[in-house]
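Colleague:
Protein chains in written order, with our numbering: chain A, 1 to 1016; chain B, 10001 to 10112; chain C, 20001 to 20416; chain D, 30001 to 30206.
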C-alpha cells in the first residue's frame, strides 16, 4: 500500500471495503505536479484521500483551505482542473472524475500554490467584506471603478479556461421512449423493471459509472440478501431485454416542457483513448419521453457549526461511501455528528472497516431508531443532546486536530461543559433533501415536509412521477413498492398495457426502522460571541449564516433578494448542499417558517454541461450549412474570393495572381462594359406558379400588374410587406397562360416561397395556384456585355438570339450546345445581357462551355461586387442596400411600378398611412462628389447644416458608393430628405477623420441613361 | 420543448419541426373592403394582438411535414396545446375567448 | 438613508455589521397618492426616483406584485450600449448610457457600471456596410463609437476566432468603448433605496387587480391590499403589459415571448469586452464573478412561462463555440427565460393614452436593461408634465396609427 | 444526351476514399430523376389521370410511398408527391403526365436536379441518422416504403426507408446542401461513435 497510506485493506468487516476497486492494477496520476497512484475504480477524490491529501482547493471569496465534503454531484469544495492544453478543463468535481492512467489534475483559485495561497489574506479582512460589501464601496473617485474591478475580476472566477481549441468532438443523439427512468438506484431499477415488464420502451440513466445508487452503502435487505445482489441481477435482466436501454455516466441535465429531456453522456472522460477510435467526448441526448420516473434520490445536508468548512469535515454518507466503495479511510480518527439515524450507518460501516471512531454526537436527547441501537450494541460511544460547536485546526486551517462538543438545545446559546475530542475528521449529517431539481425545471411544485424538514414534490404535476428518496420515501420496502407500482402505472399510461400485476411482482425488502429527525439549522459556537467564527452555509461561494442574517437585516427579505445579495446557491453546485440550510438559518432571521420563506427556482442543468456538447456536430467546418452552386469547384479552382450570402458562398471577385480586390473588380466591370462577362447567378430565387388563379395571385403580391403580361414575356415586379415597405424584387416570366416563373432575390428565395404559401393557405384559400420552388433545379448564369450575343451564337443550339427575334424582357426555351436551357433576355448591368438556366447537373459543364465559347471574345467571370457596381452605374436598386425595411417604392422613385388601378395588393393600404404618404420623405438620388476621386464611405450621412461638432441634423445617408471604372469617377446613391426636389444642391458629408465631403445631388443613373447599350 | 401533432398529416414533432405564425383569426380589412379601411382598422390588423396569459389561438405550420398551416389553441403559461383545428375553420366554441379580444376573434379571412 | 462609504463599512465591521438598517421601508399602502407606478422593476423604480428627484413628486407609490427587481431587471444579460441606428433610439439609449456613467455616485450605491467596451462583429460585407452606416449616424448624433479592423478586434478580445477560413470570418467590428455592463440587481436596489429615501412608498407583494376610471380619467387602482386612489397611473410591467392595460380597456400592440439566457461556470478573466455576433446570433461577456454571460434568442411563440427552453440556447452556444473556440470545454451552469414584450417594430412604447392620467412604458423587447435610467427620466417627465418628454415623444402609441415605425432591425439583424 | 457532361451534386467526392471505420455505408444515388406532382385527392379526374400516367396509385396515406416497376411515388404532402424514375425517362413521363392531367387543377414539374439522394445503409443506419434528426426512426412504423420529410443536420430533407436487412435509408437533400450533409454524415458515422439504442446490451457495472 505504499504511497496510499489511507487505503484500507480489502474486504474488511462485512466484506465490502473497497467493493469496486481493482487492486490488482495501479494507475498513475498527478495532482498539482505531484505523482500519485490509485486503482481502477477510484475517483480523483477517493485517490487523493487514499494518498492522504485532504487540502484540495481554496474557496471562492476568502480563499479558505477546503477538502472533499461529498462523494458526488453535490460536491461544493473539491473543484479541480483536469487535462492539459486544449483538453484542460476547469471546475471539475473531483468526486466525479474517474481516474485514468496519466490523468493530470490541478487545484484552483490559489497563487502561488495551494498551501501558501496569497489570497488567504482575504480571510484576514473578511470582516470588511461581508455579503454585498461591494455595493457600498469602490465608488470613489468615479473613474476608479474599472481599476478596482480589474482586481475583483482577477480574484474572482475559479479555474482557468483552456488556452487552445478543443481537439475533441461532440455529437447529439435523439431518442424517443415510453418511460424515462432518471436514476439507476434501487428505486429507479425497480421502476424500470416493472415498466419494462409492462411492455414499455424504457430508458434508464444514471450519472455514475455504475448502477445501484446507494445500495452498497445503505442498510436493508432485498429478498433477504444484500441490496447489491438484487441490483446485480436486476441490471442483468434489464440489459438482456429488447425494450430497455441502460445508460451510465449520463446526467439528466434538464427537463423541459412536454416531457422533453436533455441528457449528457460522458463517453470518453473516463478513458480519453476512446476518442482515437472516433468516439465523441460527450453526447447530448434529446429525449422525448412519454412518461418520466424521477428516481434521483436525495442529497445529504451538512450541519452549520463554526468552521464547518475545514478539510476533514465531510458528509456522513460520503464517509461510508469512501470506505465501502473505494476502500479509503477519510482519516485516522473520526467523530460522527448528526441529527438523524442515517449517520449511524456511517458509524457502523466505519467501525466494521476498522476506522477508529471517537464518538457519535447526536443533537437529539433520546434517539431510538434501530440503527442507533445497533451502533450502541456494536460498542460505539454515542453522546446525545450534544453538538459539535467548533473545530480546532493546525496547518493554517488545513487539518483538523480536534472538535469541541457541548450540550445543545435548539434556539438557545450553548451552555454547559465543553469537551474537546481529538479527531481528524468529522462526518456530519443534517438529514436528506429529496433531489427535486429535475421536477422543478419545468413547472413541478414542491411542498415542505415536516418529517424530512425539506421540500418534496407535491405530486400535482403529472409529467414526472417522483419515486423513492426523491419523493421523500426512505423506508426500503416502501420505496421498492412505490417505485415498482409507479413503473407499471406510467407504462400503462404510455403504452396502454394490460399486463396484470400482483403484489408478488415486486421484491420484498426490509430495513431498520428509523427514529425522528430533529431539525438543526445553526449550532452556535461557545463563548460570549459567535462572531469571528464562520458558520458556512454555501461553501463554494463562502456564504455564512451571518451573511444571510445581514441580508435580512438590511431588508433583502425575499428569498430571491437574499440569494442575489449574498450569492447563496449561485455557485457551480447551484446550492445542492446549501439551499435548505439557508432557509433554516433564515427562519430565525426573518421570524417565519420555511414554507413561508419559500424556495428559489431550480434552473437547468442539474449539473453543468459542456458548451462543446451543446454545439455537438455543428462545429468547425460543420458549424453552419454551406450551400454550393453547381460550378462551385470551378470557382475554387479559379481563386474566387468568396463571400457568405445567406447560407450560400458566392464569388465576390476573382483576383488573378498579383491582383488586389480593387484591381480584380475593376477588370471584371470593364470586361462586361467592353467585351463580355459571365456571372454565376444560380442562387437567384426561382419559383414556379401554376393554376388558373396564378395571375390573380401575382397581382396581389406585386405592386404592379401581371395579369396583362404576355406569354413568353417578363416583367420586373416589386413586393411589399403588409406595412408597405419594399421586401423583394425580381423579374417574373409568363410561361403559359396559367404558368409563371418568378425570380426573387437570392436571400429571399425561401422566404418568398413560404410567404406565397402562407397567403394561399391562410388568406386566399379560394385561389387555385400551386407554388413550387425550383431554385435548386436550375443553374443560372448571366452573360453580359457587347459580345454576349456573339458568344451565345458561337454555340450550337436552336435558339435565335438575334435582336429582332429575341426581344428585351422575353424568354425562350431550347438547347444550347446540347444542354436544355431557358434563356432570358434581361439585364441588371445595362449591357446586352442574357441569363441562361440549365438543369443543375449540367450547370458546371455549361459554365465551361460558355467560357470556352467566349474565349475569343474576351470573356471573364465576374463576381458579386462587380455586379453591384455595374447595377449602381445604371441606378438599379438592390433590396437591402437601397432599401432597409423602412423604404417604400415611391421613396426609391419606383412609382411607375406601383399600380394605381388595382383595388388591393399586399401593402397597398399601409402606403396610404400618414407617415408613409408624407411629402419630403427620404428619396433615392445620385451623388457626385466634388472631388471625382473621392469615394464616399458606405452609409455616410449628409447633414442639414455643418457644425463644429455633433450633434448635427442628419438629412439622409449613402446607400451605395463605388469607384466606377466605367465613368472614371466615384458614384453614389443615397436616400436624402426631399431629394428629388433638390437635384443640383450640394450636400455635406462630415466624415470621422474630420474631413467633409461635398457632393452634388443628381439623378441616380450614371451611365447610358437612354438604355442604348442593352437594346442592341 | 413543445411537442406538436399536425392535424393535417398527423406528423408528430417538436417545435423545431413547426413554425408559429402568431395569433389566429385576425381579419384583413383590405381583403373584405379594400376601399374603406380606416387607419384604426389597419393599425389593429397590423399591430394589436391578444397576447393572453392562458388560452391563445394561433396559426402554426407543419414546416417539416406536410407544409400545411393549421390552427391551434395553446395555453401560453403551461404551454399545453388544447386543440387543433383546420386553417379555414373558425374558432371552436368550446373554449372561452379572451373577453378583451372578442372584437377580433373572427376568422382571419371573412367569408370562409 | 445611511450613506455608504469605505468608512461606514469599516465602522460597521467593528460591530460585525449588526447596525445596518433596512435599505428600504416596507410601508403599508396609503389610501391615496399623487401618482401610482405599477411595477417595481428597474424602469418603474427609476421612474419613481426621477419623479421624486426631478419633479418633486414624493407622495407616490410603486406597487409590485412580487419582489422588486424580480422580473427582467434580474434576468437580463446586463449589456449597456447606445450605438443604435435610428435617431430616436440613439437619443434615449444615449441618455440612459450617460446617466449610467455616474449612477453609482448619484445613488450612493455601487451599480458597477463597467464601460468595458461593446464590440459588434461584422461578419458579412452587408453587415459591415450596415454598421458603417450606424457609425456615421452615431458620430453625428454625438455618440462615441467607431469601426475597428480585425487586428484591433483580436487585440481587444484575444480569444476570438480570427481565422480567415472559418464560416464567417471577422471583417471588423463596430466598437463602442463606453458601452459595457452593470450589476443588474444593483440597479433595482439602488433606485429603490434612493426613491425610498425621498419618501416614495415601495409596496411589494401588492398585486393590481383592477383599474378605476371615471369620465375618461384614471381615479385609482384596486389591489390585493386594498383600493388606492390616484389620478396618475403609470404602468411599467414588462411581461404583463397586456394584462394590466386590458384592465383599463386599452389594447396593446404587444406580444410576450420568452427570451433565453445562460451563464457558464465562473472562470478567471478571458474576455474583457462585450462581444455581439449578430450574423451567427450570439453575444457574450464575462461578469465580475467570472461567469460568461450569454444571451440567446427568443422562443418564437407567445410564452409567459419564464422557463428556460433549449433550441434558442443550442443555437447561441453553437455560434459562440465557433466564435470563441476555447469555451468548448467550459460548461453551462444555469439557463433561464424572461418574458419580454415585443412590439410590432421592436421598439419601446413610452406613451400617454386616450385615458387621462394613464401612462404606459413597455415593449422594450430584448433591450430594456440598458435603457433604464433614460426610460425612467423621460417617463417621469412625461407623467409629471402630462405631455410627452421630447425623447419619449417618438415612442408614443400614435406611431402605429401613422406608420412611423422605429425599426432597428432594418440595417442588420441586430440583437440587443 | 449521352455526350452531355452530367455532374451530380456529389460527383466531386466520388473518387474520395471513404474512411475505413464507418459503421454504415454511404453512397450517392444519382440515377433517379424526379417530378414534383401537385393535385387534389378530392378531384377524381386528377387522381385517375395521375394513376393512369404513372401506372401506380398515388399514396394517399401520409408518410407512405408506392412503387411499380421503375417508378416510385413518395408522399410529400396531402396534395404533393415526389415521383422518381430512372434518369433519361423523366421527359417522357412528364409529357405523359401533362397530357393526361390536361386542364385539371394540378402541376407536374421536373425537379430532377433540385435534389440528390444519399443512401445510408447498415445495421446502424437508424441510430446514425437519429444523431441528426428528432424523428423516431426506431418506431415500428418505420417499415419499407415509409417516407417522411424532416430536418436532418439542420437541413430540410426527406427520408425514405427503402428496405431492411440491412436497414437502408434514402435521404433526399437539396442539391446545394449535399456536400455539407455528406461531411456531416462522415463525422457522425464513425465506428467509435456507434450508438446502440435499445436491444440486448452488456450489463453496466454495478
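Cβ atoms here follow ideal geometry from the backbone N, Cα and C, with glycine treated the same way.
May I have a chain-ordered list of the alpha helix (DSSP H) segments no shorter than 4 residues that lie completely inside the segment 20211-20294 of chain C?
Modeller: Fully enclosed alpha helix (DSSP H) runs of 4 or longer: 20241-20247.
Colleague: Name, in chain order, the residues that DSSP records as bridge partners for residue 306 (chain A).
Modeller: BP columns for residue 306 (chain A) point to A:535.
Colleague: Using a C-beta cutoff of 8 Å, does residue 916 (chain A) count as contacting chain C?
Modeller: Yes, because at least one Cβ of chain C sits closer than 8 Å to the Cβ of residue 916 (chain A).
Colleague: Bridge partners of residue 371 (chain A), per DSSP?
Modeller: Its beta-bridge partners do not exist; DSSP assigns none.
Colleague: Would you report the Cα separation of residue 30011 (chain D) and residue 30176 (chain D), rounded to the nearest angstrom?
Modeller: C-alpha separation (whole angstroms): 13 Å.
Colleague: With distances taken Cα to Cα, identify the nearest neighbour of residue 23 (chain A) among A:890, A:34, A:30, A:4.
Modeller: Cα-wise, what sits closest to residue 23 (chain A) is A:4.
Colleague: Helix, strand or coil for residue 561 (chain A), going by three-state DSSP, please let me know.
Modeller: Helix.
Colleague: With which residues is residue 648 (chain A) paired in a DSSP beta bridge?
Modeller: Residue 648 (chain A) is bridged to A:627, A:645.
Colleague: Counting only runs of 4+ residues fully inside the segment 30042-30113 of chain D, write out the alpha helix (DSSP H) ranges in chain order.
Modeller: Runs found: 30044-30054, 30090-30101.
Colleague: According to the Cβ coordinates, are residue 215 (chain A) and residue 234 (chain A) closer than 8 Å?
Modeller: Contact flag unset, no.
Colleague: Return helix, strand or coil for residue 20339 (chain C), following the three-state DSSP convention.
Modeller: Reduced to three states, the DSSP call for residue 20339 (chain C) is strand.
Colleague: Only counting the same chain, and skipping five residues up and downstream in sequence, which positions put a Cβ closer than 6 Å to that of residue 30022 (chain D)?
Modeller: Within the same chain, residue 30022 (chain D) has close Cβ partners 30189.
Colleague: To which residues of the same chain is residue 729 (chain A) closer than 6 Å at the C-beta, ignoring the five residues directly before and after it?
Modeller: For residue 729 (chain A), where only same-chain residues beyond five positions count, the Cβ hits under 6 Å are 718, 879.
Colleague: Listing by chain order, which chain C residues have their CB less than 7 Å from the CB of residue 10047 (chain B)?
Modeller: Ordered by position in chain C, the residues that pass the 7 Å Cβ test against residue 10047 (chain B) are 20253, 20344, 20400.
Colleague: Determine whether the Cβ of residue 20415 (chain C) lies closer than 8 Å to any Cβ atom of chain A.
Modeller: Residue placement at residue 20415 (chain C) is flagged as unreliable, the pLDDT there being 36, under the threshold of 50; the coordinate-derived value follows with that caveat. By this cut-off, residue 20415 (chain C) is not an interface position.
Colleague: Mind checking which residues open and close the alpha helix (DSSP H) that includes residue 690 (chain A)?
Modeller: It is not in any alpha helix (DSSP H) - residue 690 (chain A) instead sits in the beta strand (DSSP E) that spans 685-690.
Colleague: Using 8 Å as the threshold, is the C-beta distance between residue 153 (chain A) and residue 20334 (chain C) below it?
Modeller: In this structure, residue 20334 (chain C) does not lie closer than 8 Å to residue 153 (chain A) by Cβ.
Colleague: For residue 20060 (chain C), which three-state DSSP category applies?
Modeller: Residue 20060 (chain C): strand per DSSP, three-state reduction.
Colleague: List the residues of chain A whose Cβ lies closer than 7 Å to the Cβ of residue 20288 (chain C), in chain order.
Modeller: Here the neighbours are 149, 152, 153, 156.
Colleague: Which stretch, first to last residue, makes up the alpha helix (DSSP H) that contains residue 390 (chain A)?
Modeller: Premise fails: residue 390 (chain A) lies in the beta strand (DSSP E), 386-394, not in any alpha helix (DSSP H).
Colleague: Hey, how far is the Cα of residue 92 (chain A) from the Cα of residue 319 (chain A)?
Modeller: Each residue's Cα considered, the two are about 20 Å apart.
Colleague: Helix, strand or coil, according to DSSP, for residue 971 (chain A) in the structure here?
Modeller: If DSSP states are grouped into helix, strand and coil, residue 971 (chain A) belongs with the strands.
Colleague: Quick one: residues in its chain with C-beta nearer than 8 Å to the C-beta of residue 854 (chain A), no 5 flanking neighbours on either side, listed in chain order?
Modeller: Excluding residues within five positions, the ones whose Cβ falls inside 8 Å are 676, 678, 783, 787, 791, 794.
Colleague: Three-state secondary structure (DSSP) at residue 1027 (chain A)?
Modeller: Missing from the structure shown is residue 1027 (chain A); chain A here goes from 1 to 1016 and no further.
Colleague: Any residues in the segment 30016-30044 of chain D with a beta carbon nearer than 7 Å to a beta carbon of chain A? Which ones, in chain order?
Modeller: Listed in sequence order: 30021, 30036, 30038.
Colleague: Hey, quick one: how far does the beta strand (DSSP E) through residue 20176 (chain C) stretch, first residue to last?
Modeller: Here the beta strand (DSSP E) through residue 20176 (chain C) covers 20172-20176.
Colleague: Give the straight-line distance between the Cα atoms of residue 1012 (chain A) and residue 30006 (chain D), rounded to the nearest whole angstrom.
Modeller: So the two alpha carbons sit approximately 38 Å from each other.
Colleague: Which word fits residue 562 (chain A), buried or exposed, when buried means at least 16 other C-beta atoms lie within 10 angstroms of its C-beta?
Modeller: When all chains shown are included, residue 562 (chain A) counts as buried.
Colleague: Given a cut-off of 8 Å, decide if residue 383 (chain A) and residue 417 (chain A) are closer than it, judged by their beta-carbon atoms.
Modeller: Cβ atoms of residue 417 (chain A) and residue 383 (chain A): not closer than 8 Å.
Colleague: Would you say residue 30074 (chain D) reaches chain B, if we count a Cβ-Cβ gap shorter than 8 Å as a contact?
Modeller: Residue 30074 (chain D) does not count as touching chain B.
Colleague: Tell me the DSSP secondary structure of residue 518 (chain A) in three-state form.
Modeller: Coil, per DSSP.
Colleague: When you compare only the Cα positions, how much space is there between residue 245 (chain A) and residue 30206 (chain D)?
Modeller: In a straight line, the C-alpha of residue 245 (chain A) is about 15 Å away from that of residue 30206 (chain D).
Colleague: Applying the 10 Å Cβ sphere with the 16-neighbour rule, what's the burial state of residue 20416 (chain C)?
Modeller: Caution is warranted here: a pLDDT of 36 is assigned to residue 20416 (chain C), below 50, making its placement in the model unreliable, and no coordinate value can be reported.
Colleague: Under a CB-based cut-off of 8 Å, is residue 338 (chain A) close to chain D?
Modeller: Closer than 8 Å: no.
Colleague: Of the residues that make up the segment 20303-20315 of chain C, which ones have a beta carbon closer than 8 Å to any beta carbon in chain B?
Modeller: Per Cβ criterion, the list reads 20303, 20304, 20305, 20309, 20310, 20311.
Colleague: Which two residues bound the contiguous beta strand (DSSP E) that contains residue 252 (chain A)?
Modeller: It spans 250-256 - the beta strand (DSSP E) in which residue 252 (chain A) sits, taken as one unbroken run.
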